[in-house]
Every structure is written in structure tokens, then in C-alpha cells.
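S.K.: So in the numbering used here, spot 166 of the sequence shown is number 189, and the numbers just go up one at a time. We put the CB at the ideal spot given by N, CA and C, even for glycine.
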Amino acid sequence: MSAIGDVRFEDCLPARVIPHRIGQTHTPGDYWSATTGTLVGYESWLESKWMTLLDFDPDVVAFAGQPLTFHGIDTDGTWIHTPDIFARHDDGAVLLLDVKNPDAVTDLDVIQQADRTRRTCDQLGWDYGVFTEPDRQLWATASWLAGFRRPPLAGHEYLPRLLSLAQRPVRFGDLCSFCEIPELARPVLFHLCWRQEIVFDLTSPLQETTILHARNDSHAYHVTPQPGEPR
24 MSAIGDVRFE DCLPARVIPH RIGQTHTPGD YWSATTGTLV GYESWLESKW MTLLDFDPDV
84 VAFAGQPLTF HGIDTDGTWI HTPDIFARHD DGAVLLLDVK NPDAVTDLDV IQQADRTRRT
144 CDQLGWDYGV FTEPDRQLWA TASWLAGFRR PPLAGHEYLP RLLSLAQRPV RFGDLCSFCE
204 IPELARPVLF HLCWRQEIVF DLTSPLQETT ILHARNDSHA YHVTPQPGEP R
């Protein structure tokens, strides 16, 4: 099993084809990742939210959907499971995610599946989490900033200036006003906030009065296994 840990699943084709059929209740699609510059298939809108949040995490260097399929056997019998998302961090560490509707996490089958997958990940040295709906304020902010995840074509000359000005805490509106064309600086600043090179309190709405500052690692947002997951 140790050899599995050496496989770059983020570069592999999906282990299963996501079904598309008339009348299905979930909404599959493709997410364009700024991290990898590729399209990543997702099975539901909820999965796409967590792909956005992984894309937002500066420590994540790659992620993939439907990355591998586990075939196992234990005292309860044989089991097969394809986790939803595989994420690789810049230090090589792996986070495997299963994304579930909040109403489903107490289902006994889901709990058993999560326990089996977690025990397998423990043997591989991988982190594992069952993720439901993200925090509403975090999602509101990240989804807005995701609209600026592509590098700016106009105003890119403001990138070093904004980073320099944010070395000390400064209000969002003031930081834009320090540039010759504030309207052009604003989307560039949103891009820097998306990249978390400039950070702020993600528990509150982003406003003109929000205090920004150039990032140090202690202020970056990271996706980690959620507390309260089924065990």
C-alpha cells in the first residue's frame, strides 16, 4: 500500500465518469482552476464550492476530482469507494475530501464509508475529511474573489505598488485611492486578495473600510479536515 502514496493522483484521469442524465437532482460541471490552469470535473454544486475554496488556499498546488477508487475488505465485508476530491499541498501532503449534503452525514452508510476511508488514509499518511456546506461568510467572500482569480491584463503594473502599500494595515478603499486610477487598481487588488498575498478578516464582509495587510503565513486561509465529521 505504501507505493500508492507515491502516485501523483492529481495528474491522473478521473477514476470514474461523472454521470449526466435528464432529471438528475445534482448539477455536475467543470471548474476552471487558477491553481492548475485546467478544468476539474465536479459532481455537484457543493463539490464545486470546495474546489473554489481549495483554489483559494495558497498551500494547495493541485487538486483533482474523482481521483481514485478504493477496493477494501474488513470484518463487515467488501467495500468500494471513490472519494470526491484529491488535494496536494506544497509540502507534498495530501488531503482527501468527501463532500456530502448536510442532511446525509448522519446516514449510517455515510458514517461507515467515512470510517473505512479514514482508516485507509491513516495507513497512507493522508489527511481525510467529510465536508458539508462551507461557512456562509467565507463562501460569500471567496466566491466573489474567484471572479478575479485570473491574472489581470490591465493594471498589472499596480501589483508591486499595492503589495508595497499593504506592508502596513490599510483600509481597502484607501489602498485603491493611493493609485493613479483607483478604478483600475480595484480589480488588481481583488486579484491579490484572491491569491491571499493581501489578506483580511474572512469572518466579516469585504468593504471599503476593511483593514488589509500583506500576508504572513499565520493569516492565510487553509482547507483542513472539518471538526464534527462522522466517525
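Does the beta-carbon of Gly95 have 16 or more other beta-carbons within 10 angstroms, so that it is buried, or is it exposed?
M.R.: Numbered from 1 along the sequence shown, position 72 holds the residue referred to as residue 95. Classification for Gly95: exposed.
S.K.: Classify Val30: buried if its beta carbon has 16 or more other beta carbons within 10 angstroms, exposed otherwise.
M.R.: Translated into positions along the sequence shown, residue 30 becomes position 7. By the neighbour-count rule (16 or more Cβ atoms within 10 Å), Val30 is not buried but exposed.
S.K.: Tell me the DSSP secondary structure of Tyr244 in three-state form.
M.R.: As a working note, residue 244 is residue 221 in the sequence shown. Residue state, collapsed to three classes: coil.
S.K.: If you measure between the beta carbons of Asp107 and Glu70, is that distance less than 8 Å?
M.R.: The residue given as residue 107 occupies position 84 in the sequence shown. The residue given as residue 70 occupies position 47 in the sequence shown. Cβ distance < 8 Å, so Asp107 and Glu70 count as in contact.
S.K.: In terms of alpha-carbon separation, which member of Phe79, Leu215, Gln160, Leu185 lies closest to Asp224?
M.R.: Within the sequence shown, numbered from 1, the residue matching residue 224 stands at position 201. Among Phe79, Leu215, Gln160, Leu185, the Cα nearest to that of Asp224 is on Gln160.
S.K.: Please list the terminal residues of the continuous alpha helix (DSSP H) segment that includes Ile134.
M.R.: Locating residue 134 in the sequence shown gives position 111, where the first residue counts as 1. Looking at the DSSP string, the run of the alpha helix (DSSP H) that includes Ile134 is 131 to 147.
S.K.: Three-state secondary structure (DSSP) at Asp113?
M.R.: What you label residue 113 is simply residue 90 of the sequence shown in a count that begins at 1. If DSSP states are grouped into helix, strand and coil, Asp113 belongs with coil.
S.K.: Please classify Leu176 as buried or exposed, where buried requires at least 16 other C-beta atoms within 10 Å of its C-beta.
M.R.: Taking the sequence shown and counting its residues from 1, the one referred to as residue 176 is at position 153. It counts as exposed.
S.K.: Helix, strand or coil for Val30, going by three-state DSSP, please let me know.
M.R.: The residue given as residue 30 occupies position 7 in the sequence shown. In the structure shown, Val30 sits in coil (DSSP, three-state: anything other than H, G, I, E or B).
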